[in-house]
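Chemist: In order, the protein sequences belong to chains A and B. Taking full-length UniProt numbering, I'd label the letters of the first sequence as residues 1 to 356. Taking full-length UniProt numbering, I'd label the letters of the second sequence as residues 1 to 356. In this text, a Cβ means the ideal position worked out from N, Cα and C, and glycines have one as well. Small disclaimer: the values here were computed from a predicted structure and weren't measured.
Number of protein chains: 2
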Amino acid sequence: MQEIKVELTQNPKQKPADESKLGFGKIFTDHMYIMEYNPEKGWHNPRVEPYHAISLEPSAMVFHYGQEMFEGMKAYKTEDGRILLFRPDKNIERANNSNRRLCIPEIPAEDFLNGLKKLVEVDQDWIPTQPGTSLYIRPFVIATDPFLGVRPSDTYLFMIILSPSGAYYESGLDPVKIWIEDDYVRAVRGGIGEAKTGGNYVASLKAQVKAHDEGYSQVLWLDGVERKYIEEVGAMNIFFKINGKVVTPVLNGSILPGVTRASCIDLCRHWGLEVEERRISVDELVAAAKDGSLEECWGSGTAAVISPVGHLRFEDSVMQIGGGGIGPVSQKLYDTVTGIQTGKLEDTLGWTVRVK
Amino acid sequence: MQEIKVELTQNPKQKPADESKLGFGKIFTDHMYIMEYNPEKGWHNPRVEPYHAISLEPSAMVFHYGQEMFEGMKAYKTEDGRILLFRPDKNIERANNSNRRLCIPEIPAEDFLNGLKKLVEVDQDWIPTQPGTSLYIRPFVIATDPFLGVRPSDTYLFMIILSPSGAYYESGLDPVKIWIEDDYVRAVRGGIGEAKTGGNYVASLKAQVKAHDEGYSQVLWLDGVERKYIEEVGAMNIFFKINGKVVTPVLNGSILPGVTRASCIDLCRHWGLEVEERRISVDELVAAAKDGSLEECWGSGTAAVISPVGHLRFEDSVMQIGGGGIGPVSQKLYDTVTGIQTGKLEDTLGWTVRVK
Ligand SMILES: Cc1ncc(COP(=O)(O)O)c(C=O)c1O
Ligand SMILES: Cc1ncc(COP(=O)(O)O)c(C=O)c1O
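(1) Taking C297 (chain B) as part of the beta strand (DSSP E), name the residues at either end of that continuous run.
(2) Would you say the beta carbon of T336 (chain A) is closer than 8 Å to some non-hydrogen atom of ligand 1?
(3) Taking 9 Å as the CB-CB limit, is T197 (chain A) close to chain B?
(4) I'd like to check one pair, I104 (chain B) with F63 (chain A): are the Cβ atoms closer than 9 Å?
(5) Please indicate yes or no: does the CB of V259 (chain A) lie closer than 8 Å to some heavy atom of ligand 1?
(6) Kindly say whether R189 (chain A), judged by its beta-carbon, lies nearer than 9 Å to any beta-carbon of chain C.
(7) Restricting to Cα atoms, I'd like to know which of A:V120, A:I180, A:S263 and A:T9 is closest to H311 (chain A).
(8) Residues of chain B with CB closer than 8 Å to the CB of H311 (chain A), please, in chain order.
(9) Does ligand 1 have even one heavy atom less than 8 Å from the beta-carbon of V246 (chain A)?
(10) Starting from the Cα of L148 (chain B), find the closest Cα among B:E284, B:C264 and B:M61 and give me that residue.
(11) Can you give me the start and stop residues for the alpha helix (DSSP H) that E276 (chain A) sits inside?
(12) With burial defined as no fewer than 16 other Cβ atoms inside 10 Å of the residue's Cβ, what is the status of K74 (chain B): buried or exposed?
(13) Would you check if the segment 219 to 233 of chain B and the segment 263 to 277 of chain B touch, i.e. whether three or more CB-CB distances between them fall below 8 Å?
(14) If I242 (chain B) and A288 (chain B) are in contact, beta carbons under 8 Å, what's the gap, nearest whole angstrom?
(15) Looking at G193 (chain A): is its Cβ nearer than 9 Å to the Cβ of S281 (chain A)?
(16) Going by C-alpha distance, which of B:V150, B:K41, B:T129 and B:Y33 is nearest S59 (chain A)?
(17) Are A167 (chain A) and S263 (chain A) closer than 9 Å when you measure CB to CB?
(18) Alpha carbon to alpha carbon, how far is R94 (chain B) from G115 (chain A)?
(19) Have a look at B:M319, B:T29 and B:L333 and flag the residue whose alpha-carbon is nearest the alpha-carbon of I178 (chain B).
(20) Buried or exposed: which applies to T144 (chain B), given that a residue is buried once 16 or more other Cβ atoms fall within 10 Å of its Cβ?
(21) Name the one or two DSSP bridge partners that V305 (chain A) has.
(22) Anyone know if the C-beta pair for G354 (chain A) and R82 (chain A) falls short of 9 Å?
(23) To the nearest angstrom, report how far apart K13 (chain A) and W43 (chain A) are at their CA atoms.
(24) Based on DSSP bridge pairs, tell me the residues matched to S165 (chain B).
(25) Of all Cβ atoms in chain B, is any one closer than 9 Å to the Cβ of P146 (chain A)?
(26) Grab the span of the alpha helix (DSSP H) containing V286 (chain A) for me, first residue to last.
(27) Would you mind working out which of A:Y37, A:Q218, A:A195 and A:S165 sits nearest S204 (chain A), comparing C-alpha positions?
(28) Please report the distance separating the alpha-carbon of V185 (chain B) from that of N11 (chain B).
(29) Going by alpha carbons, who is nearest to A304 (chain B) out of B:S163, B:N45, B:L173 and B:Y65?
(30) Decide if D80 (chain B) is buried, meaning its Cβ has at least 16 other Cβ atoms within 10 Å, or exposed.
(31) Quick one: is the Cβ of A195 (chain B) within less than 8 Å of any heavy atom of ligand 2?
(32) Alpha carbon to alpha carbon, how far is H52 (chain A) from D182 (chain A)?
(33) Among the residues of its own chain, which have a CB less than 6 Å from the CB of G66 (chain B), if the five just before and after it don't count?
(34) Among B:F314, B:G324 and B:D291, whose alpha-carbon lies nearest the alpha-carbon of S307 (chain B)?
(35) Between K117 (chain B) and chain A, is the shortest Cβ-Cβ distance under 9 Å, so that the two count as touching?
(36) When every heavy atom of ligand 2 is checked, does at least one fall within less than 8 Å of the C-beta of A303 (chain B)?
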């Protein structure tokens, strides 16, 4: 494990006074973590520095060929003042899976975790404490060779930045309306869908804008081959409860393997619910909505943790689920996962990692 | 049309002395063009500045969500000292098609062309003149909002940079060996394949590395749905001559509509050759190679203009085409397109645009 140099800021920023106005992803803390890569030294020079702009050649490969990887996770402050990360090993493992697909050199897991902890420790006073708030953590890698040929870059920057984030739901869980997209495609098997990389997100924007215009908050993607099987939501995985069973799309190579998804599956099984990871066609959904066997639907992701889905729209049919309200499994998952994350519930599964 | 401010460099760089050592995309000229976008002013403040690094927040959206568009074209100096662009209107139109797909605001065509011409004029002494050399032009847009939510950025930078480029073929046309990929997928209909954007290129790296390791210079992609139909090469479109007819994959939404492709089709038709834009299955190719009706194969793209393909490999079968040499149509296309580009042949089709 490499030693991290720490340079503290001389000009600390004003911390946001009102935690109800934090929003998401727009305020950044006083410091950031950086590590560099080149073929001679590998990943080297890990350091915590005052948060600052980065300077890159206009020819830097990241601007042209999309060689970029990111992760998303959160830190929470418990009522008794501990700082907890939620399953960071899962994010680090996924980051390196993404890196491999994108021809980015893998990051030693211990340096990654160590950097994460050090940065959060340095900026711990930025962690908000109101219910539902957290410190959002954004690790990312960008390709920096000043070169326009198409090939993997030789040099990279790995950075971590932190953003205090407001409660996703202002007043408790709130069901969302979701648009099932049958025109645009986000990702396809054999492509980069299971990697967390910019190309998948830019591909999603156009449909997202369309869905918003129609009054839907997110897009649910169908597979790119048959345009028939449910994949995932813009920034969440998706679950259904059909006829008493929990069902979620199987990881097929074009879906992001969510950390929250894995945790939902574990918890549901732990509670004795039957969980199926399998293909789910949109026709099956429409039929289940019609005959009443579609009991619940929710999204799972770091941002909202659990997002109950009240309405699904596919082409001209609008499906109301569970009367448009919050189902019992969604609520229990939300309470349990956030309970563990914030230290309110005992972490019997060993999912949290303490900073310091 | 907006007026362009010009600030000339006080520290001109040393120009490369040996034009045979230019390579591709690694040397940049003294100046660059920049224009900014925000919702209030639209695209504004176009300027030519000394080439310099750009400074961005680590949270700039381009690093996270891949909202980036680029183009590629070339300027040539004729023997009598004129400077020519090749069909820049086509690149500008394609740039704005890409922009629409990527939710990037369109760039006024006249400001784009004007910026292009002004920059090339300012750096005209950088245009190499040896046979096969050119000034490569890279226009690109990046999303700059310092924000981690997934949505189209509000602010952007549009830049153009220039790179003197060496001859693609050191000593005349040289056939390449191409690997038909049946495992990884580059793009899929409904996705971003027909946009010129980073996500498509990062998706291609892994197969490209594999093909190189096997001794093949580029990858030929199959469609992402049936994994059966020929799409395009890493940075070229592909043409076949089968039984006397020129055949190229039809633009289906996942293929980049190449400017060189369009020019090849026009020229071939002009010469009285029959040209079909249609689906071509890899099985058809293998069969045509076996029975001798596959007479020629070439790639078309700005970098190499025309790349004769001597060998195609699909799974375990290696197809040698035209004895592995250069076919007559490939040679004639190469001579004609480069002849028009460099002003050696009369531009009867009105394809070139003079700078100044
Ligand atoms: C496309 C996509 N799917 C699913 C998820 C959920 O993953 P996780 O639970 O790890 O946050 C995310 C994001 O966070 C995502 O961006
Ligand atoms: C994926 C891809 N296909 C085709 C082409 C050929 O297009 P053009 O002839 O406009 O250069 C390019 C690039 O230049 C490309 O990147």
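Modeler: On the basis of the supplied data:
(1) Looking up residue 297 (chain B) in the second sequence gives position 297. Taken as a continuous stretch (DSSP letters only), the beta strand (DSSP E) holding C297 (chain B) covers L294 to G301.
(2) Locating residue 336 (chain A) in the first sequence gives position 336, counting from the first residue. The answer is no for T336 (chain A).
(3) Here residue 197 (chain A) corresponds to residue number 197 of the first sequence, with the count starting at 1. T197 (chain A) counts as touching chain B.
(4) Along the first sequence, one-based indexing puts residue 63 (chain A) at 63. Along the second sequence, one-based indexing puts residue 104 (chain B) at 104. No, the pair does not count as a contact, with Cβ atoms beyond the cut-off.
(5) The residue given as residue 259 (chain A) occupies position 259 in the first sequence. V259 (chain A): yes, Cβ under 8 Å from ligand 1.
(6) The structure shown has no chain C; the protein chains it does contain are A and B.
(7) Taking the first residue of the first sequence as 1, we reach residue 311 (chain A) at position 311. Of the listed residues, the one whose Cα sits closest to H311 (chain A) is A:I180.
(8) In the first sequence, counting from the first residue as 1, residue 311 (chain A) sits at position 311. Near H311 (chain A) there are no residues of chain B at all, since even the closest Cβ is about 21 Å away, more than 8 Å.
(9) The residue you call residue 246 (chain A) lines up with position 246 of the first sequence. V246 (chain A) Cβ: outside cutoff for every heavy atom of ligand 1.
(10) Your numbering for residue 148 (chain B) matches position 148 in the second sequence. Among B:E284, B:C264 and B:M61, the Cα nearest to that of L148 (chain B) is on B:M61.
(11) Reading the first sequence from its first residue, position 276 is the one you call residue 276 (chain A). Element bounds for E276 (chain A): not the alpha helix (DSSP H) but the beta strand (DSSP E), V275 to R278.
(12) Here residue 74 (chain B) corresponds to residue number 74 of the second sequence, with the count starting at 1. With 16 or more other Cβ atoms within 10 Å, it is buried.
(13) no
(14) Position 242 of the second sequence holds residue 242 (chain B). Position 288 of the second sequence holds residue 288 (chain B). Confirmed, about 5 Å.
(15) In the first sequence, counting from the first residue as 1, residue 193 (chain A) sits at position 193. In the first sequence, counting from the first residue as 1, residue 281 (chain A) sits at position 281. For G193 (chain A) and S281 (chain A), no; Cβs fall outside 9 Å.
(16) The count along the first sequence starts at 1 and reaches residue 59 (chain A) at position 59. Nearest of B:V150, B:K41, B:T129 and B:Y33 to S59 (chain A), Cα basis: B:Y33.
(17) Reading the first sequence from its first residue, position 167 is the one you call residue 167 (chain A). Reading the first sequence from its first residue, position 263 is the one you call residue 263 (chain A). Not a contact, by the Cβ cut-off of 9 Å.
(18) As a working mapping, residue 94 (chain B) is identified with position 94 in the second sequence. As a working mapping, residue 115 (chain A) is identified with position 115 in the first sequence. So the two alpha carbons sit approximately 42 Å from each other.
(19) Looking up residue 178 (chain B) in the second sequence gives position 178. Comparing Cα-Cα distances from I178 (chain B) to each of B:M319, B:T29 and B:L333, the minimum goes to B:M319.
(20) Mapped onto the second sequence, residue 144 (chain B) falls at position 144. Buried, since its Cβ has 16 or more Cβ neighbours within 10 Å.
(21) Taking the first residue of the first sequence as 1, we reach residue 305 (chain A) at position 305. According to DSSP, V305 (chain A) shares a beta bridge with A:G301.
(22) Counted from its first residue, the first sequence places residue 354 (chain A) at position 354. Counted from its first residue, the first sequence places residue 82 (chain A) at position 82. Going by the sequence as given, residue 354 (chain A) is Arg instead of Gly. Between R354 (chain A) and R82 (chain A), the gap from beta carbon to beta carbon is short of 9 Å.
(23) One-based indexing of the first sequence puts residue 13 (chain A) at position 13. One-based indexing of the first sequence puts residue 43 (chain A) at position 43. Rounded to whole angstroms, K13 (chain A) to W43 (chain A) spans 30 Å at the Cα level.
(24) For the purposes of this step, residue 165 (chain B) is taken as the residue at position 165 of the second sequence. Bridge partners of S165 (chain B): B:S134.
(25) Within the first sequence, numbered from 1, the residue matching residue 146 (chain A) stands at position 146. Chain B, which has a Cβ nearer than 9 Å to the Cβ of P146 (chain A), makes this yes.
(26) If you number the first sequence from 1, residue 286 (chain A) lands on position 286. V286 (chain A) -> alpha helix (DSSP H) spans V282 to D291.
(27) Within the first sequence, residue 204 (chain A) is the residue found at index 204, counting from 1. It is A:Q218 whose Cα lies nearest to the Cα of S204 (chain A).
(28) The residue given as residue 185 (chain B) occupies position 185 in the second sequence. The residue given as residue 11 (chain B) occupies position 11 in the second sequence. In this model, V185 (chain B) and N11 (chain B) are separated by some 45 Å (Cα to Cα).
(29) Position 304 of the second sequence, counted from the first residue, corresponds to residue 304 (chain B). Cα-wise, what sits closest to A304 (chain B) is B:L173.
(30) On the second sequence, position 80 is the one that residue 80 (chain B) refers to. Its Cβ having fewer than 16 others within 10 Å, D80 (chain B) is exposed.
(31) As a working note, residue 195 (chain B) is residue 195 in the second sequence. If you check the C-beta of A195 (chain B) against ligand 2, you find no heavy atom less than 8 Å away.
(32) As a working mapping, residue 52 (chain A) is identified with position 52 in the first sequence. As a working mapping, residue 182 (chain A) is identified with position 182 in the first sequence. If I take the Cα positions, the gap works out to 42 Å.
(33) In the second sequence, counting from the first residue as 1, residue 66 (chain B) sits at position 66. Contacts found: G198 and G199.
(34) On the second sequence, residue 307 (chain B) is found 307 positions in, with the first residue counted as 1. Per the Cα distances, B:G324.
(35) Position 117 of the second sequence, counted from the first residue, corresponds to residue 117 (chain B). Not one chain A Cβ lies under 9 Å of K117 (chain B).
(36) Taking the second sequence and counting its residues from 1, the one referred to as residue 303 (chain B) is at position 303. A303 (chain B): yes, Cβ under 8 Å from ligand 2.
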